[in-house]
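Structure, rendered in structure tokens:
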């Protein structure tokens, strides 16, 4: 009679095993602080605000076009 060990070797599990990795490899690196002079930060913030204003204007145009093409119920 075959032992359980021999049966297991003859008929392995149908599902592949997921390889285990050490926990350290799964962690994402911590973000580094961005050190910049205050003048550069002011310029960056102004660029962001300008882009947001441009996006808002485009959205207003789209909203007007949609309001004209679709009658209100």
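Residue numbers (my numbering): 485 to 557. Think of the CB as a built atom: it goes at the ideal place given N, C-alpha and C, for glycine as much as any other residue.
Kindly list the residues whose CB is nearer than 6 Å to the CB of residue i, restricted to its own chain and excluding five residues on each side of it in sequence; keep chain order.
i           : result
residue 543 : none
residue 513 : none
Using DSSP with H/G/I as helix, E/B as strand and the rest coil, what is residue i?
i           : result
residue 519 : coil
residue 532 : helix
residue 514 : coil
residue 502 : coil
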